[in-house]
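Trainee:
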Amino acid sequence: MKNRLKVLRAERDWSQADLAQRLDVSRQSVNAIETGKYDPSLPLAFKIARLFNQPIEAIFQDGTT
Amino acid sequence: MDRRTWSIQALNAVGIVGAVAIIFGLYPVFRRWIDFPVELLMGVAWALAFAALVWRKMDETAREAHKNAWFWGGSFGFLLALLGLIAAFRMDPRPALLLRFSRQPVWLMVDGATIAGGAACAGYAVVWTVWWLRRR
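Listed in order, the protein sequences are those of chains A and B.
Each residue of the first sequence is one higher than the one before, starting from -19 at the first, in my numbering.
Each residue of the second sequence is one higher than the one before, starting from 5 at the first, in my numbering.
1. Run the CB neighbour count on Ser(-5)/A, radius 10 Å, all protein chains shown included, and call it buried at 16 or more, exposed below.
2. Anything in chain B within Cβ reach of Val(-13)/A, meaning under 7 Å, just list it in chain order.
3. Do the CB positions of Ile13/A and Leu(-15)/A come within less than 8 Å of each other?
4. Would you tell me roughly how many angstroms separate the C-alpha atoms of Trp135/B and Arg7/A, rounded to the nearest one?
5. Going by beta carbon distance, what residues of the same chain come within less than 8 Å of Ala129/B, once the five residues before and after it are set aside?
6. Buried or exposed for Ala69/B, going by 16 or more other Cβ atoms inside 10 Å?
7. Mind checking the stretch 46 to 76 of chain B against chain A and listing, in chain order, the residues whose C-beta falls within less than 9 Å of any C-beta there?
8. At 9 Å on the CB atoms, spell out the chain B contacts of Lys17/A, in chain order.
9. Using a threshold of 8 Å, state whether the C-beta atoms of Leu52/B and Ile12/B are closer than that.
10. With a CB to CB cut of under 7 Å and the five nearest residues on each side skipped, what residues in its chain are close to Lys27/A?
11. Taking the alpha carbon of Val18/B as the reference point, which residue from Val110/B, Arg8/B and Met46/B has its own alpha carbon closest?
12. Kindly indicate the opening and closing residues of the alpha helix (DSSP H) around Gly81/B.
13. Interface residues of chain B around Leu24/A at Cβ under 7 Å?
14. Please decide whether Gln1/A counts as near chain B, where near means a Cβ-Cβ distance under 8 Å.
15. Under DSSP, the alpha helix (DSSP H) around Val(-13)/A begins and ends at which residues?
16. Tell me the residue span of the alpha helix (DSSP H) that contains Asn72/B.
17. Check the Cβ of Ala(-3)/A against every Cβ in chain B and list those closer than 7 Å, keeping chain order.
18. Can the beta-carbon of Leu86/B be found closer than 8 Å to that of Ala117/B?
19. Return the first residue and the last residue of the alpha helix (DSSP H) that Pro23/A is part of.
20. Name the DSSP beta bridge partners of Phe54/A, please?
As structure tokens, then:
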């Protein structure tokens, strides 16, 4: 699944560690999500969406649309 | 440090003290007033509490890694060990000679369980490592 996490993070000048701290996950998790190697659960996706103040579908694209 | 981390550290300390006590000879002293099943139950209780706290502290990616590792690595490690043991016994029907330290049937069972459990843990470690390496 593709996502705009890296772009959104860069816009705020946050490091992966900063974002990880805000989401209460490990930096490795943020990296795995950013690179599309791990799809977050729905609760974590909502948490990410709330943090960036955007709808989920504006951050995550399933690649079929 | 949050409360959960403190609890894990406290359990770590209890585990380390227990291990040191066993290693440096306090074990015979404890043994006078603690029977084996009680020790076993204490060990199981400690392991359960430790695992529960660690599980609650880790994030979903780490949990996913553990679940994958136990399902794939644990299952296939266990299966491979069983197939290996069956193949070994077919080659030599005298298991006591195959497993040198075995003398009585009960120890053969212990050997079998140890080999199968060890293989499951080895499979778990392999899959866990590969899971994280692929998601670096």
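Glycine residues also receive a C-beta, built at the ideal position from the N, C-alpha and C atoms.
Mentor: The answer reads as follows:
1. For the purposes of this step, residue -5/A is taken as residue 15 along the first sequence, with counting starting at 1. Exposed, because fewer than 16 other Cβ atoms sit within 10 Å of the Cβ of Ser(-5)/A.
2. The residue given as residue -13/A occupies position 7 in the first sequence. Those do not exist, as Val(-13)/A stays about 20 Å from chain B at its closest Cβ, beyond 7 Å.
3. Along the first sequence, read from residue 1 onward, the residue named residue 13/A stands at position 33. Along the first sequence, read from residue 1 onward, the residue named residue -15/A stands at position 5. Yes. Within cutoff.
4. Stepping through the second sequence from its first residue, residue 135/B is reached at position 131. Stepping through the first sequence from its first residue, residue 7/A is reached at position 27. The straight-line gap from Cα to Cα measures roughly 16 Å.
5. Taking the first residue of the second sequence as position 1, residue 129/B is located at position 125. Within the same chain, Ala129/B has close Cβ partners Ala73 and Gly77.
6. Stepping through the second sequence from its first residue, residue 69/B is reached at position 65. Ala69/B should be labelled buried.
7. Met62, Asp63, Glu64, Thr65, Ala66 and Glu68
8. Counted from its first residue, the first sequence places residue 17/A at position 37. Within 9 Å Cβ-Cβ: Arg138, Arg139 and Arg140.
9. By 1-based counting over the second sequence, the position of residue 52/B is 48. By 1-based counting over the second sequence, the position of residue 12/B is 8. Not closer than 8 Å, so no.
10. Locating residue 27/A in the first sequence gives position 47, where the first residue counts as 1. Here the set comprises Leu3.
11. The residue you call residue 18/B lines up with position 14 of the second sequence. Checked all of Val110/B, Arg8/B and Met46/B; the closest Cα to Val18/B is Met46/B.
12. As a first step, residue 81/B is located in the second sequence; it is residue number 77 there, counting from the start. Run containing Gly81/B: Ser79 to Met95, per the alpha helix (DSSP H) assignment.
13. Here residue 24/A refers to the residue found at position 44 when the first sequence is read from its first residue. Neighbours of Leu24/A on chain B, chain order: Glu64.
14. As a working note, residue 1/A is residue 21 in the first sequence. Closer than 8 Å: no.
15. Translated into the one-based positions of the first sequence, residue -13/A becomes position 7. Leu(-15) to Glu(-9) is the extent of the alpha helix (DSSP H) around Val(-13)/A.
16. On the second sequence, residue 72/B is found 68 positions in, with the first residue counted as 1. Taken as a continuous stretch (DSSP letters only), the alpha helix (DSSP H) holding Asn72/B covers Glu64 to Asn72.
17. Sequence index remark: in the first sequence, residue -3/A carries index 17 (1-based). None at all; the shortest Cβ gap to chain B is about 14 Å.
18. Working through the second sequence from its first residue, we reach residue 86/B at position 82. Working through the second sequence from its first residue, we reach residue 117/B at position 113. Not a contact, by the Cβ cut-off of 8 Å.
19. For this step, residue 23/A is matched to residue 43 along the first sequence. Residues Leu22 to Phe32.
20. Here chain A covers residues -19 to 45 and nothing more, so residue 54/A does not appear.
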